[in-house]
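The sequence shown begins at 1 in the UniProt record's numbering and counts up by one. The beta-carbon is built from N, C-alpha and C at its ideal position, and this holds for glycine as well. Report on the following structure.
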Amino acid sequence: MMGDNSSVFDSQLYSSLFTQKEMKSIWTDANLIREWVKFEVTIAQVQADLGIIPKEAATAITEACQTFKPDWQRLAQDTESVGMAIKPLVDQICDHGNSWVKQYLHWGCTTQDLLDTSLAMRLKSSLILVRKQLVDLGDELAAMASEHQDTVCVARTNSMDALPSTWGLQVSSYLTELSRHLTRLDEIYPRAITGLYGGAVGNFSSIGTQGLVVRKALFAALELNEPQGLNNGSLDHVAEVIQFFALVHGSLCRIANDVETMGRASIAEVREGESGGGSSTMPHKANPRASNMIQTLSRMGWMYASSAPNMMDQQDLRSASMRVLSWSLVPESALCVSTALERAQRLIGHLVVNKQQMLANFSASRHFIMSEAMMMVLAQKIGRDQGYKLMKEVLVCANGSQSFIDLVREDRAINQALTKQEIAVACDPLNYLGCNQQLISEALAQFEQVKNR
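As structure tokens, this is what we get:
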């Protein structure tokens, strides 16, 4: 019924703000059932190939799983009673199949084998999608960094005007973070897509000496990483993925914060180019909704990251209560990071950059941010210490109405040390950009290196 959902992820009103279409399909109940069924078919075929169960049984199980349609109402009711959905699903498939199915389905398996392996399957799909999104966003940032490598702007530290820089260099710093995220993703990927198979307590007691052979063939068929040793009580690799998502959120939130701040009317250096964001009462307002949503999704991602280690709070061989947390933490964290990446790509793709205003904003500090440049020119003539002291003396005498350029032009000591041409050169932001071009080139090269691994 319309309007009866209570989660933002499934809400008719809010779902589009909190979900990315492809990622949402990965974490649906329907896909979860498909992955469980795929596991049952694959393990049956592997066991038949190894002579553990009859080939007729594997054929019957495959046919039953391919034609099976879950009774969702019964499945939900039985899951409420059992506490897990695997036995109710196995029961339904057995009811649907013949005697071979009833005798050999789920042979030598336990609930956790399906839960953890299906989680690895969906994490695999999720990380492949996230990697693609990181590359797509990186391409947008790389294009912007290249386009604006000569767009001079005020660099700010601690929210205060600091020195001249370029918008291209600022954007390239976002890109370097994305490059590191791609490297991190590639490093955690094999661990994240590690499945689980070993039976009730992980030692293959119901399979016997062929257990390791079955395990190897199973994960080769599923195209997942084969686990090593006993892992029934371990979810560190899953917690690691959620923590990785939190790092990605950190970069995206940084971008959103900068766009939001630089879009204020008093600064007006950039603005969101997507439509929408209007106020219900103030006709003139266009709120930075893309930035706002990225900030919101980031905070949600950090919340999940702080909770993720709770999944590792295990005892004995395993504890269901902690593992159940993954049913919420993993899908929701994956949805948040994928949605934030999608929104960030649209934000950068539509961002309007005001080059003229970036240059004009040097006047906000009355060009005082050129004081270090002037000090370094003086240092070549009278030493750095004396140059610093001289600049401090000049700035102390400022009454708030004069520009930096006027002050230095009127100062006798500076005019004795420097020519008018040297003063003019030192006051030009374009002459104090250091290794701007080379730094941007390094960021672009690094991204190109990691994006196609």
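- Secondary structure in the stretch 28-66: the alpha helix (DSSP H) runs of 4 residues or longer, each lying completely within the stretch, are 29-49 in chain order.
- Glu269 is positioned such that its CB atom lies no closer than 8 Å to that of Asn158.
- Bounds of the beta strand (DSSP E) holding Ala162 are 160-166.
- The beta carbon of Leu359 is closer than 7 Å to those of Val152 in its chain, skipping five residues each way along the sequence.
- Distance from the CA of Leu247 to the CA of Ala145, rounded to the nearest whole angstrom, comes to 22 Å.
- Take the alpha-carbon of Ala308 and the one of Val337: they are about 15 Å apart.
- Taking 8 Å as the cut-off, the Cβ atoms of Val396 and Val408 do not count as close.
- In the DSSP annotation of this structure, the continuous segment of the beta strand (DSSP E) that includes Val152 starts and ends at 152-157.
- Bridge partners of Arg271 according to DSSP: Val352.
- Under the three-state reduction of DSSP output, Asn452 falls in the coil class, being neither helix nor strand.
- A distance of 8 Å or more separates the beta carbons of Ala44 and Ala30.
- The Cβ-Cβ distance between Leu163 and Glu372 falls below 8 Å.
- Secondary structure of Asn225 (DSSP, three-state): strand.
- Beta-bridge annotation (DSSP): Thr194 is paired with Asn225.
- Arg346 and Glu274 have their C-alpha atoms roughly 8 Å apart.
- Nearest to Asp411 by C-alpha distance, out of Glu177, Asp116, Ile382, Met391, is Met391.
- Distance between Ser99 and Leu212, taken at the CA atoms: about 28 Å.
- Sequence-distant Cβ neighbours of Ala64 in its own chain, meaning closer than 7 Å and more than five residues away, are Ile93, His96, Gly97, Val101.
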